[in-house]
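**Student:** Just so we're aligned: the sequence shown equals residues 2 to 977 in the numbering used here. Every residue gets a Cβ at the ideal spot worked out from N, C-alpha and C, and that includes glycine. Sharing a structure here in structure tokens format.
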Amino acid sequence: MINSTPRGAPARSRLALRVSGTALVAAMLLPGTVHAQIAPGTANADSTAPAQIEATPIQAEPNPQPAGPVAPAPETGDVVVTGIRAGLDSSAKIKRQSVLIVDSISAEDVGKLPDVSIADSLARLPGVTAQRLEGRDQRLSIRGLGPDFSTTLLNGREQVTVGDNRGVEYDQYPSEFFKTVNVYKSADASLIAAGIAGTVDLRMLRPLDQPKRVIAVSARGQMNGIDKLNPDGSRYGYRVSATYVDKFANDTLGIAIGGSATSAPSQDERYNAWGYNGAGTAASPFIVTGAKPYVQSNELKRYGGVATIEWQPSDRFHSTFDALYSHFEETQHLRGIEFPLDGNVNNDPTSAGYATAAHRGAVTASGGFADTIQFTNVHAIQRNDYNQRKADNYSLGWNNDLKLTDTIHLNVDASWSHAKRTDFLLETYTGTGYGASGVGDTVNLTRQGNGAYRVVPTLDYANTNIFKLTDPQGWGYNGTQPVVQAGFLNRPSFKDDLKSLRASLNGEFDNSIVKSWEVGGNYSRREKTSAYQSYFLCPKATGTTCLVSNAAETSATIPSEAVIGTVPLAYLGVPAALALDPLYLYNNSYNSAYDGRPSSLVRDNVVIENVYTGYAKINIDGEVGGKALKGSIGTQVVRSEQRSDGQIASVVAGVVTNAPASQKVSYTNVLPSATMAVELVPLGYVKIGASQTMVRPRLDQERVTQDVAINTSNIQLGNTNPGLNPVFSSTGGNVALRPYKSTNIDLSFEQYFRGGGYVALSGYYKHLTDFVDPNNAYSYDFSALLPALTQAQQAIVTGNRLTNGVVSAPANTGRGSVIGLEGTVSVPFKMIAEALDGFGVFVSGNYTDSAIKFASNPTQAITLPGLSKWTGSGTVYFEKHGFQARVNYRYRSSFLAEVAGLSATPTYRTARAEAILDAQIGYEFQSGFLKNFAILAQAKNLTDRPFVTYQNDDPRQVIDYQRYGRDYYLGITYKF
């Protein structure tokens, strides 16, 4: 049992490691048809009952009621708008009618740009930005706070993720499945599992709201602007979807069914630098320590379906069942070359090539950077990798609303969200000989304007007579002794399961400014399981071991059956590289040896969270000084019980040992909230919210696992300083972590126009406490580990007072603030002149500043992951008589991006500012036999903007350069 630090505070650190012997112990379901989804509300599913949601943001219920605007909706006469304009009108209506600060995407908006996922469309909302991964918008940041600080709901219910942690990867959700997506930026007591940054609520279509039966089908083709970069890649893809919505039994029973299938390819020209030596001066310019140019071809296959059954036999009972399933499969082919350059040597002291370095020749430099360099004796690693990721996502929800009296409703909601993901990450290596013993290369580097280096080698990297299956640098090491690592396989898997049961009572008051009340409770149980397996791969020999000491085969000829051609790396100077089939090599040419290193063993863990939430609130509706006032006041009480099971592992006397570990902790939080909206002038509102919110830490930070190191070489009579020469140390998670907490003030001014459109200006301030420091470390007494040592070693350790060591584990030691301002302008040009009818703009911008400091370094503010100080989006559109056209431009300044590091471990690097331009044009037939038939042409990333990361806050020190190219789409839709 491990008792770790309460709240992560070093002063109360406790770590007990028990040792026994040497063992350590339907969506867009309707493309082209708009029915405005109103802001979600209380669990009043009775469509005939009075609206009760003016002050209620979200409830897990199937039929949210109109938000009761503070003033009547603007009159629009008999004019009916469709398409882009209808989508913007619907979103404006949601924003206006909600007491909370909210931005929305309606069904007419989602999917009209070439959206691989709903993240593409959400990234156009004020204060919302997306990070591209593999060329797709995947992770969202809201108001400067990254994906870990927001919550994603489906029909008001919290969702799990196929990712490593809590942040939802939005490309798992087909955009066709959702009618409305709301982003709530202020909080309310009835909002369960609200985020600090915001809450994204994905809302499916409700069949009883539809006026008639609808059947819709659509198909779309896709082409990459870059031709396929790998022989086994593709540049062409497709997307198809179908929807059926109908009502039966005198409109008391409704069904909605939708299905979608996607095959989306992408190409990626990549360059990676290991880092830089030097001081960045004329005398000591920065010189790249290693470079890895390679090409990547991806194919995303995704299919899924949704179904909704809605039953309302009377005005006293309403029941809705929702189901969503999505299967996600991505295959990646990566091929290229790693060049160890300045200062890199072979790390295997047993090999003949040890201490063989890449020799640096003449250098020309300017501005503190080497412009041209020549390296000799370079032993490169040629890579042919294959990654496959499969994920399944299930979500079920059943809501029942019973009208007990004319004014009191009982609502019961049950839900289940489950995700499972498995990865197969295969690396294969070829080189001229084992451990830098083969022929060396002469490589010439030239720095380019984009920060990447052009790498021109001398050897022919497509020649199978020179290159062999081997460990070119002799890097293989299993934690205790060298192995031949001619390849490596990672096979992580994740399961995320969330069950929830919610019940609430809500009722109304007569003749009172306090209009209604609501009390309720929610129980949820979330269990996240992370399991890892990894293997060293070596050339096949007579035995099955990869140990160098057991005379493992160090090199093997590349089989001709594995050669499928070459790949082009000329964009970075390499004429061609071998294209091998890594699966053939894995199945026919390699032995595998289990990776039993302590750092690998301790990755397996289970995190369980049982959360009990009770809440109460009152809703206000009246007048103050002749001005209409609406709002709510309430509070949540959240009882949390979290637990983790895992392992402790270490190396003692050359033997890897591990033992099970478990820990649990519980705590309670009280979260008050209040929100108000006043109509100061006709259709002009002031909205203000004050609340305390929280979001739980990353799941991998809550793990119990520890990687313990016992450095017996520091057990010396002269060593009396465990800080400089520790015998014991440990790295791992902290089950006792508390959630991040935030005290929030939100203020919004919104003016709506009777001719359509609006302007809005919002400000926000967040005071953050209990911020998790992932690099926290503290001193700990490891006396419990003394039995792992010999009697003589124990005597020295105790006599020299060397039992103390350092534990590296996350802790709640940070605090700070986030402050920002965002503005939105939505203007149909008909307001300006009748001749401009059909034209319009939607423009938004956001500025965010933050200052977060940890107790370990109170003078140095950190950079928040996902925060861009400046973001903006602008859309210019035209739509009339069936024609439509739209151009969208979005910008975000530099930010700290989460990317995949070594062995797929998440890591952070600064991403360069980027601007993306998308466009579309289409026509929908208004009459004749082609009526309701539409055709749409779309283009994404017309600016061909690459994704670039760099280090040390120096944009010149480029680490990753990824060019995805442009994507083109042509689609058709038909409704009947």
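(1) Return the Cβ separation of glycine 815 and valine 773 in integer angstroms, given the expectation that the two are a contact with Cβ distance under 8 Å.
(2) Are alanine 737 and asparagine 777 close, meaning C-beta to C-beta below 8 Å?
(3) To which residues of the same chain is phenylalanine 830 closer than 7 Å at the C-beta, ignoring the five residues directly before and after it?
(4) For valine 844, which residues in the same chain have their Cβ closer than 6 Å to its Cβ, ignoring the five residues on either side in sequence?
(5) Output the distance between the C-alpha atoms of arginine 802 and proline 723, rounded to the nearest integer angstrom.
(6) Which residues share a DSSP beta bridge with valine 728?
(7) In angstroms with no decimal places, state the Cα-to-Cα distance between valine 760 and arginine 86.
(8) Let's test the definition: count the other Cβ atoms within 10 Å of the Cβ of glutamine 211 and tell me whether it reaches 16, buried, or not, exposed.
(9) May I have a chain-ordered list of the beta strand (DSSP E) segments no shorter than 3 residues that lie completely inside the segment 513-557?
(10) Return the Cβ separation of isoleucine 797 and isoleucine 716 in integer angstroms, given the expectation that the two are a contact with Cβ distance under 8 Å.
(11) Taking the beta carbon of alanine 188 as the centre, do at least 16 other beta carbons fall within 10 Å, making it buried, or is it exposed?
(12) Using 10 angstroms around the beta-carbon of tyrosine 741, count the other beta-carbons present and answer buried if the total reaches 16, otherwise exposed.
(13) Which residues does DSSP list as the beta-bridge partners of tryptophan 417?
(14) To which residues of the same chain is leucine 681 closer than 7 Å at the C-beta, ignoring the five residues directly before and after it?
(15) Check aspartate 210 in the structure and name its three-state DSSP category.
(16) Does the segment 317-325 come within contact of the segment 368-380, defined as at least 3 CB pairs closer than 8 Å?
(17) What number of angstroms, rounded off, separates the C-alpha of alanine 978 from the C-alpha of tyrosine 462?
(18) The beta strand (DSSP E) that contains threonine 309, what's its start and end?
(19) Under 7 Å Cβ to Cβ from glutamine 752, same chain only, skipping five residues before and after it: list those, please.
(20) Between the alpha carbons of histidine 380 and arginine 964, how many angstroms are there, rounded?
(21) Taking the C-alpha atoms as reference points, what is the distance between asparagine 670 and glycine 147?
(22) Anyone know if the C-beta pair for valine 657 and threonine 791 falls short of 8 Å?
(23) Taking all protein chains shown into account, decide if alanine 198 is buried (16 or more other Cβ within 10 angstroms of its Cβ) or exposed.
(24) Within its chain, find whatever has a CB closer than 8 Å to the CB of asparagine 933; leave out the 5 residues flanking it on each side and keep chain order.
(25) How many Å lie between glutamine 173 and aspartate 138 at the Cα?
(26) DSSP on aspartate 121, reduced to helix/strand/coil?
(27) Given a threshold of 16 other Cβ atoms within 10 Å of its Cβ, counted over all protein chains shown, does phenylalanine 178 qualify as buried or as exposed?
(28) Under three-state DSSP, which class holds glutamine 89?
(29) DSSP has tyrosine 765 in a bridge; who is on the other side?
(30) For the beta strand (DSSP E) that contains leucine 681, what are its first and last residues?
(31) For a quick check, are the C-beta atoms of serine 600 and aspartate 708 less than 8 Å apart?
(32) Rounded to whole angstroms, what is the Cα-Cα separation between arginine 957 and proline 947?
(33) Quick check on DSSP: helix, strand or coil for glycine 758?
(34) Under 6 Å Cβ to Cβ from aspartate 646, same chain only, skipping five residues before and after it: list those, please.
(35) By DSSP, does phenylalanine 376 sit in helix, in strand, or in coil?
(36) Does the Cβ of threonine 365 have 16 or more other Cβ atoms within 10 Å, making it buried, or fewer, making it exposed?
**Tutor:** This is what the structure gives:
(1) 7 Å
(2) Taking 8 Å as the Cβ cut-off, alanine 737 and asparagine 777 do not qualify as a contacting pair.
(3) Leu837, Phe840 and Gly841
(4) Val826 and Gly875
(5) 8 Å
(6) None; valine 728 has no bridge partner.
(7) Straight through space, the alpha carbons of arginine 86 and valine 760 are spaced by roughly 16 Å.
(8) Under this definition glutamine 211 is a buried residue.
(9) 515-532 and 535-540
(10) 5 Å
(11) buried
(12) So tyrosine 741 ends up on the buried side.
(13) Looking at the DSSP assignment, tryptophan 417 forms a beta bridge with Leu397 and Lys500.
(14) Lys628 and Val687
(15) helix
(16) no
(17) Because the chain is modelled from 2 through 977, residue 978 falls outside the range shown and cannot be assessed.
(18) In the DSSP assignment, threonine 309 falls within the unbroken beta strand (DSSP E) covering 291-315.
(19) The answer, listed in chain order, is Leu684, Gly685, Tyr759 and Val760.
(20) 27 Å
(21) 23 Å
(22) Not in contact: valine 657 and threonine 791 (Cβ atoms no closer than 8 Å).
(23) buried
(24) Gly33, Glu925, Phe926, Tyr975, Lys976 and Phe977
(25) Going from the Cα of glutamine 173 to the Cα of aspartate 138 covers about 11 Å.
(26) helix
(27) buried
(28) Correcting the residue type first, residue 89 is leucine in the shown sequence and not glutamine. Of the three classes helix, strand and coil, the one that applies to leucine 89 here is helix, per DSSP.
(29) Paired residues: Asp747 and Gly821.
(30) Judged by DSSP secondary structure, leucine 681 falls within the beta strand (DSSP E) whose first and last residues are 656-682.
(31) yes
(32) 15 Å
(33) Three-state result, glycine 758: coil.
(34) Here the set comprises Val607 and Ser663.
(35) strand
(36) Here threonine 365 is exposed, its C-beta having fewer than 16 other C-beta atoms within 10 Å.
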